[in-house]
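Novice: Before I ask anything, here is the structure I am working with.
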Amino acid sequence: MKLRTITLAAAGLLATAAVQAELQTWRFTDSHGVVGPAGTFLDVVFDTDARIEVVTDTTLQLGQTTFEAWVNPIVSCFFNGVTYTPTGGNWIPTGTSPSVLWKFGANASGAPSEVSFDAFDRGGSFDGQGKSLAQALELLAERLPLNEDPALPPVFHKQPILSVTRTLAGLQLVDGLVASRMERISSVPEPSAWALTLLGSLGAAALARRRQKATAQVS
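Its first residue numbered 42, the sequence shown is counted upward by one per residue in the numbering used here.
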């Protein structure tokens, strides 16, 4: 009975781990201090299992354009000490976009201001054509540092420019960063990893206990 309970618990935890494994946190860092202080970063949590749909963009960057995109791929982001949750317009084009890497509106818990996060891929580094979102992000991380031109000032480097527009009391305050480095961060193991480790220990202990009982009966 105990072994069956452990098996069922393992199945449930593995299912949970499979869901959580789809979430990836990537850090975009401005190493040169083009917009703000050097080292300014933006952490973005992506759901790499986001579905693909046809969306229409009506922003000034693209005009009115219809294209395929991952819908609701961004779960949250952390910028300048504040965590933001997307509220709408959350998408990433699957193919090569003229300039927009991602776009989403967001707000912070307890904050009255609405914020839009727009990332512009000036160097054409992002390519999601025929790839999963996870693969496209990995490729972007590889290409990003290669797009720097040492002969040009940092502001002219061909890198995705992540601009943040904040609206507060009717005034638009623009800040952001020019990302020169992108890395996947996982400083703390996900809850599922801890749970599976604990489950493995319990399973091993249960098996050891059964063997001890069997040995005692044989003796």
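Even for Gly, the Cβ is constructed at its ideal location relative to N, Cα and C. Being a predicted model, the structure only gives us computed values, none of them experimental.
On the criterion of 16 or more Cβ atoms from any shown chain inside 10 Å, does Lys144 qualify as buried, or is it exposed?
Specialist: buried
Novice: Roughly how many whole angstroms lie between the Cα atoms of Ala50 and Glu63?
Specialist: Its pLDDT being 46, under 50, Ala50 is placed unreliably in this model, and the coordinates cannot settle the point.
Novice: Ends of the alpha helix (DSSP H) at Glu179?
Specialist: From DSSP, the alpha helix (DSSP H) with Glu179 extends over Leu174 to Arg184.
Novice: Roughly how many whole angstroms lie between the Cα atoms of Phe120 and Pro201?
Specialist: 16 Å
Novice: Measure the alpha-carbon distance for Val205 versus Asp71 and round it to whole angstroms.
Specialist: 14 Å
Novice: For Val75, which beta-bridge partners are listed by DSSP?
Specialist: Answer is none; Val75 lacks a bridge partner.
Novice: Taking only the alpha-carbon atoms, compute the straight-line gap between Leu218 and Leu203 and give it to the nearest angstrom.
Specialist: 5 Å
Novice: Once the 5 residues before and after Arg68 are set aside, which same chain residues still bring their CB inside 6 Å of it?
Specialist: Phe82, Asp84, Glu224 and Ile226
Novice: Drop a sphere of 10 angstroms on the beta-carbon of Pro114, count the other beta-carbons inside from all chains shown, and report buried for 16 or more, exposed for fewer.
Specialist: Under this definition Pro114 is a buried residue.
Novice: Which of helix, strand or coil does DSSP assign to Leu187?
Specialist: helix
Novice: Can you grab the Cα-Cα spacing for the pair His73 / His198, in whole Å?
Specialist: 10 Å
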